[in-house]
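Quick note, in my numbering, the sequence shown goes up one by one and the last residue is 397.
Think of the CB as a built atom: it goes at the ideal place given N, C-alpha and C, for glycine as much as any other residue.
None of these values were measured; they are calculated from a predicted model.
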Amino acid sequence: MSTFNNYAFAGKRAIVRVDFNVPMDKTTGLVSDDKRIRAALPTIQQILKNGGSVVLLSHFGRPKNGPEAIFSLAQICANVSEVLGVKVQFAADCISEEAFEKSKALQPGEVLLLENVRFYPEETKGDHSFAEKLAKHGDCYVNDAFGAAHRAHASTTQLASFFPNDKMAGLLMNAEIENAKKVLHNAERPFTAIVGGAKVSDKVLIVENLLQIANHIIIGGGMAYTFYKAMGGQIGASLCEEERVDTCKEILDRARTMGVQIHLPEDAIVADRFAADAQTKIANSGEIEANWMGLDIGPKAIETFRAVLLESKTILWNGPMGVFEIPAFEAGTKNIALAVAEATAKGAFSLIGGGDSAAAVQQFNLSSQVSYVSTGGGALLEYFEGKTLPGVEALEA
Ligand code: AMP
1 MSTFNNYAFA
11 GKRAIVRVDF
21 NVPMDKTTGL
31 VSDDKRIRAA
41 LPTIQQILKN
51 GGSVVLLSHF
61 GRPKNGPEAI
71 FSLAQICANV
81 SEVLGVKVQF
91 AADCISEEAF
101 EKSKALQPGE
111 VLLLENVRFY
121 PEETKGDHSF
131 AEKLAKHGDC
141 YVNDAFGAAH
151 RAHASTTQLA
161 SFFPNDKMAG
171 LLMNAEIENA
181 KKVLHNAERP
191 FTAIVGGAKV
201 SDKVLIVENL
211 LQIANHIIIG
221 GGMAYTFYKA
231 MGGQIGASLC
241 EEERVDTCKE
251 ILDRARTMGV
261 QIHLPEDAIV
271 ADRFAADAQT
281 KIANSGEIEA
291 NWMGLDIGPK
301 AIETFRAVLL
311 ESKTILWNGP
321 MGVFEIPAFE
331 AGTKNIALAV
341 AEATAKGAFS
351 LIGGGDSAAA
361 VQQFNLSSQV
371 SYVSTGGGAL
381 LEYFEGKTLP
391 GVEALEA
């Protein structure tokens with residue numbers, strides 16, 4: 001099997017599947033955060049340095065019926081050129097004759113960005129003959145799109161099959177897998193997982209799988225209130241998934257029998273409305289008055305969670321503790337991020353899931369004080385749910 005570091009890229013055109021699904025500022029129409037572009041830099045630069053050329057392939061947003069200007073990668077081509085320090089060419093369709101001519105003409109050191117691969121519905125269907133066309137763009141296939149590794153799409157799975165001896169994970173993909181494996185299979189103990197975010201239904205599978213591997217599970221965010229409901233608490237107008245109340249009871253029972261400690265936030269910052277200028281007060285999470293809703297964890301919960309984290313040697317974090325996008329409800333998430341940073345400084349290994357947890361750590365300027373911030377929200381979640389990632393499997397097959 002080829003590996004990225006020993007592959008001879010000289011004189012070859014490498015098709016590099018990246019995740020350039022970057023957020024855009026709606027008012028300016030500019031890239032609002034280029035983290036995903038920067039994350040792919042080491043892979044692209046190493047190929048160019050070794051005398052290869054690069055054909056970049058990515059999805060961007062969720063176009064439904066073919067090309068749409070708001071999902072065109074043409075909008076980010078200048079950003080890629082700037083970050084890379086190389087003028088990046090653009091092909092306005094990923095499988096047109098013009099695109100094939102451009103990729104064929106690439107010289108060592110040159111880079112071509114292809115238009116959004118999802119402009120073809122064949123991409124999300126995992127269509128084999130579409131992948132065969134994409135394969136014509138290069139001599140080898142590098143997958144660096146960890147953020148899309150949980151999708152069995154044409155460019156993330158089928159495409160690999162056309163390069164049986166010339167397919168490999170890029171440097172970002174390798175780093176993501178290595179860090180995730182370290183936590184899933186080699187966690188130094190105590191291992192604490194923090195799970196937050198809006199809904200229990202999105203996180204049930206990860207919590208169930210974590211019951212097998214973690215020593216402590218801290219639960220925060222909107223999902224905590226369904227657990228309080230399951231314990232017979234009053235949760236007022238807080239988020240609640242009635243159909244998940246029984247699941248929460250089962251999780252609490254199983255944790256007890258398996259010796260896993262589940263920590264729920266004993267208090268909450270409650271608000272009379274879901275708004276930045278709502279009236280707020282502190283309440284016990286299981287005693288919230290009607291019409292009030294828990295939008296953040298309270299000070300006692302922060303102290304308890306912090307103490308657990310400071311005793312931990314491995315920490316996995318997926319999902320915020322409250323509505324951290326609104327300053328009145330950010331303290332829980334911020335203090336937990338600070339506690340994770342403090343634990344990391346004391347020697348713990350901390351892995352921050354992508355998506356909202358990564359955004360939160362970035363918002364509080366703590367990205368450099370944790371061990372690793374993943375670029376893959378859904379992919380990392382599925383990995384910790386115990387699923388196989390099709391994008392990773394396709395490279396190993
Ligand atoms: P997720 O994508 O499931 O990780 O959820 C993240 C979202 O959950 C963020 O946008 C938060 O604002 C939201 N969230 C966190 N805590 C609460 C809460 N107590 N009530 C409502 N939404 C919440």
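Within a Cβ cutoff of 7 Å, which residues of the same chain sit near residue i, ignoring the five residues on either side of it in sequence?
| i | result |
| --- | --- |
| Ala360 | Pro320, Phe324, Thr333 and Ala337 |
| Leu395 | Asn143, Ala160, Lys167, Met168 and Ala169 |
| Leu73 | Phe20, Ser58, Phe60, Leu113, Glu115 and Asn116 |
| Ala39 | Leu172 and Thr375 |
| Ala341 | Leu366, Gln369 and Val370 |
| Glu311 | Pro190 |
Suppose the cutoff is 8 Å on Cβ atoms and the five residues either side in sequence are ignored; what does the same chain contact list for residue i look like?
| i | result |
| --- | --- |
| Phe130 | Ile95, Tyr120, Glu122, Glu123, Ala154 and Gln158 |
| Asn291 | Gly236, Ala237 and Asp272 |
| Lys133 | Ile95 |
| Ser2 | Cys140, Asn165, Asp166, Lys167 and Met168 |
How close, in whole Å, do the beta carbons of residue i and residue j come, if the pair is a contact with beta carbons under 8 Å?
| i | j | result |
| --- | --- | --- |
| Pro299 | Ser285 | Actually they do not touch by this definition, with Cβ atoms about 12 Å apart. |
| Asp19 | Ala105 | With 8 Å as the limit, Asp19 and Ala105 do not qualify as a contact, their Cβ atoms being about 26 Å apart. |
| Gly221 | Gly259 | The pair is not a contact, with the Cβ atoms about 24 Å apart (cut-off 8 Å). |
| Glu385 | Ile213 | Not confirmed; about 12 Å, so no contact. |
| Leu389 | Ala379 | 6 Å |
| Arg13 | Asp93 | That pair is no contact at about 18 Å. |
Alpha carbons only, please: which of the options is nearest the one belonging to residue i?
| i | options | result |
| --- | --- | --- |
| Pro190 | Val31, Asp296 and Gln261 | Gln261 |
| Glu82 | Ile235, Val31, Trp292 and Asn50 | Val31 |
| His137 | Ala99, Lys199 and Lys203 | Ala99 |
| His128 | Phe162, Ala149 and Val195 | Phe162 |
| Lys346 | Thr314, Phe329 and Thr375 | Thr314 |
| Gly232 | Val245, Glu110 and Val111 | Val245 |
| Leu84 | Thr192, Pro63, Lys249 and Glu110 | Glu110 |
| Asn6 | Thr43, Thr27 and Asp34 | Thr43 |
| Ile326 | Asp296, Leu309, Val22 and Phe305 | Asp296 |
| Gly405 | Ala358, Lys64, Ala397 and Gln362 | There is no way to answer for residue 405, as the model of the chain reaches only from 1 to 397. |
| Thr28 | Lys49, Ile76 and Ala149 | Ile76 |
| Phe71 | Val54, Lys229, Lys26 and Val88 | Lys26 |
| Asn318 | Lys229, Ile15, Lys199 and Asp253 | Lys199 |
| Arg151 | Glu178, Val270, Arg118 and Ala175 | Arg118 |
Residues in the same chain with beta-carbon distance under 6 Å from residue i, minus the five sequence neighbours each way, listed in chain order, please.
| i | result |
| --- | --- |
| Gly377 | Gly354 and Gly355 |
| Leu316 | Val183, Ala193 and Leu351 |
| Ala149 | Ala379, Leu389, Gly391 and Val392 |
Please classify residue i: is it buried, with 16 or more other beta-carbons within 10 angstroms of its beta-carbon, or exposed?
| i | result |
| --- | --- |
| His185 | exposed |
| Thr226 | buried |
| Asn335 | buried |
| Glu101 | exposed |
| Phe9 | buried |
| Ala307 | exposed |
Given 7 Å as the limit, tell me if residue i has its C-beta closer than that to any heavy atom belonging to the ligand SAH.
| i | result |
| --- | --- |
| Leu316 | In the structure shown, the ligand SAH is absent; the only ligands present are the ligand AMP. |
- Query: Where are the alpha helix (DSSP H) runs, 4 residues long or more, that stay fully inside the region 345 to 385, in chain order?
  - Reply: 355 to 363 and 377 to 384
- Message: Quick check on the DSSP output: what are the complete beta strand (DSSP E) runs of length 3 or more inside the region 15 to 99, in order along the chain?
- Response: 53 to 57 and 88 to 91
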